[in-house]
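Residue numbers (the numbering used here): 27 to 223.
Below is one structure, written out as structure tokens; comments come after it.
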Amino acid sequence: MINVAVLGLHQSIQKEFYYYHDEDLFLEAWTKKRFDIVIFHLSYLQTIVDLHKVYEFYRIAVYEHLDYFIYKKVLQYTDFVYDFYELWKIPLRVQKINMQITKLKSNIFQYNDLLFNVETEQLYKDKKPIKLSPGEKDLLKLLIKNRDRVLSKVEIVEESETISSLESIKVLVSRLRSLGFQIQNHKNQGYQLKETS
């Protein structure tokens, strides 16, 4: 579940949210619990802008009276803007964001200091992108998908679109190991991605 903070609003939007009426208490809570979404009164805009320079989170601003110019200006610094007559929309927006965050997290595989986005097939090491060959991407996806069992070389070739020979698997495994993946070789059986400790 995602963490949602509400800053400077006296109206209760949803009981699961964390409510703060004091900026210092909010910032103190931030150090202990990172929030995925912050819903805030527009009077706290500068605090949110400063916080967003350091941390990534969704920002939902609320203001009493919105006109075109205020709305346009505030959207430069926030993700969504509502007036007090639209508070009923916020739980629906939070639900939508929660689904997006959950989907994104389900596509991310973390292995020690390595992150692999299964959907985009991009690998990151210490937050820096690492270029993988098509065969390395295929092998890594197969090892992640089947990490609970040993994957035979024949299965790898059959399930991969880019790996066409048994001999090339050894080279691909070696390259993935050099990046930091611990891939176990089960003699005469195949390969398995070792669980992180």
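All C-beta atoms, glycine included, are put in the ideal place defined by N, C-alpha and C.
Residue i, DSSP secondary structure in three states
i, result
"R85", "strand"
"Q72", "helix"
"Y97", "helix"
"N245", "The question about residue 245 has no answer, for the chain in this structure spans 27 to 223."
"I63", "strand"
"I39", "coil"
"Y103", "coil"
"L219", "strand"
"L33", "strand"
"D109", "strand"
"I28", "coil"
Cβ pair residue i, residue j closer than 9 angstroms
i, j, result
"L33", "T73", "yes"
"L165", "S186", "yes"
"E147", "L158", "yes"
"K163", "T188", "yes"
"T57", "I86", "no"
"S200", "G161", "no"
"V88", "V75", "no"
Cutoff 7 angstroms; reference residue i; Cβ partners in own chain excluding five residues on either side
i, result
"F26", "No answer is possible for residue 26: it lies beyond the span of the chain, which begins at 27 and ends at 223."
"H212", "V176, Q218"
Beta-carbon proximity list for residue i, same chain, < 6 angstroms, skipping 5 on both sides
i, result
"Q40", "P117"
"L198", "G161, E162, L165"
Nearest-angstrom beta carbon gap, residue j and residue i [assumed within contact, 8 angstroms]
i, j, result
"L141", "I134", "6 angstroms"
"L205", "K151", "7 angstroms"
Residues near residue i by beta carbon distance below 8 angstroms, same chain, minus five either side
i, result
"H91", "D109"
"K59", "N29, Y44"
"I123", "I28, D62, I63, Y84"
"K179", "L192, I195, G216, Y217"
(request) Let me know the alpha helix (DSSP H) ranges lying completely inside the region 135-193, each 4 residues or longer, listed in chain order. (result) Fully enclosed alpha helix (DSSP H) runs of 4 or longer: 160-171, 179-185.
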